[in-house]
Amino acid sequence: MPAERTLVMIKPDGVRRGLVGEIISRFEKKGFRIVGLKMLRMSRELAEKFYSVHKGKQFFESLIEFITSGPVVAMVIEGDSAISVARLMIGATDGRQALPGTIRGDYSLSKTENVIHASDSPESASYEIGLLFREEELVSW
Ligand code: CMP
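Letter by letter, the sequence shown follows residues 0 to 140 of numbering that gives the first Met the number 0.
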């Protein structure tokens, strides 16, 4: 299987609560390779681009406010079936429904403050990686 890349982003609640190390560790221990990693504070403009598929939805404004409320940690991970496996590891969108053992299932009780984001398809992975990382910031090893 050729290695696949996906974008994982620890949201401001995860950073505030000191969960960065724990979450990165889960992806490392699973066997993924981290090929890009950065902390940033999203501007409104960047956040609106990042979540452009949700524009017009009733939760869009609160989502943008939340995601720009503090720093996030973005990473690109690489490995077999990275996109689908990362989605399994983060769990259902709503932390109240996410299964125990998943990241949201273990750390969130909310749909908005749900600790982490991961790309849901090859198209969104390449779009989101391209928004947050320049080519030279991704390291093949
Ligand atoms: P995420 O995986 O980052 O993708 C979009 C985010 O919108 C989602 O996680 C949730 O945090 C947030 N969100 C807030 N309300 C809703 C909702 N009703 N349905 C889906 N996503 C929501």
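Glycine is no exception: its CB is placed at the ideal position from the N, C-alpha and C atoms.
Cα-Cα separation, residue i to residue j
{"i": "Ser109", "j": "Arg95", "result": "6 Å"}
{"i": "Val14", "j": "Leu87", "result": "21 Å"}
{"i": "Ile128", "j": "Ile23", "result": "17 Å"}
{"i": "Leu39", "j": "Glu47", "result": "15 Å"}
{"i": "Pro11", "j": "Glu136", "result": "22 Å"}
{"i": "Tyr50", "j": "Ile102", "result": "21 Å"}
{"i": "Gly100", "j": "Asp93", "result": "14 Å"}
{"i": "Gly17", "j": "Ser42", "result": "22 Å"}
Where residue i falls: helix, strand or coil (DSSP)
{"i": "Leu130", "result": "helix"}
{"i": "Pro99", "result": "strand"}
{"i": "Glu27", "result": "helix"}
{"i": "Val19", "result": "helix"}
{"i": "Val138", "result": "coil"}
{"i": "Gly35", "result": "strand"}
Residue i beta carbon near ligand 1 (any heavy atom closer than 7 Å)
{"i": "Thr67", "result": "no"}
{"i": "Tyr106", "result": "no"}
{"i": "Phe58", "result": "yes"}
{"i": "Leu62", "result": "yes"}
{"i": "Thr145", "result": "Because the chain is modelled from 0 through 140, residue 145 falls outside the range shown and cannot be assessed."}
{"i": "Thr101", "result": "no"}
Of the residues the options, the one placed nearest residue i, counting alpha carbons only
{"i": "Val84", "options": "Phe65, Thr67, His116", "result": "His116"}
{"i": "Ser139", "options": "Gly35, Glu21, Arg16", "result": "Gly35"}
{"i": "Gly20", "options": "Val114, Ile82, Ser42, Glu134", "result": "Val114"}
Can you confirm whether the region 115-128 touches the region 2-13 when touching is taken to mean that 3 or more C-beta pairs between the two stretches lie within less than 8 Å? yes
Segment contact flag, the region 24-33 with the region 71-91, C-beta cutoff 8 Å, min 3 pairs: yes
Can you find at least 3 beta carbon pairs, one from the region 45-59 and one from the region 76-85, that sit closer than 8 Å? no
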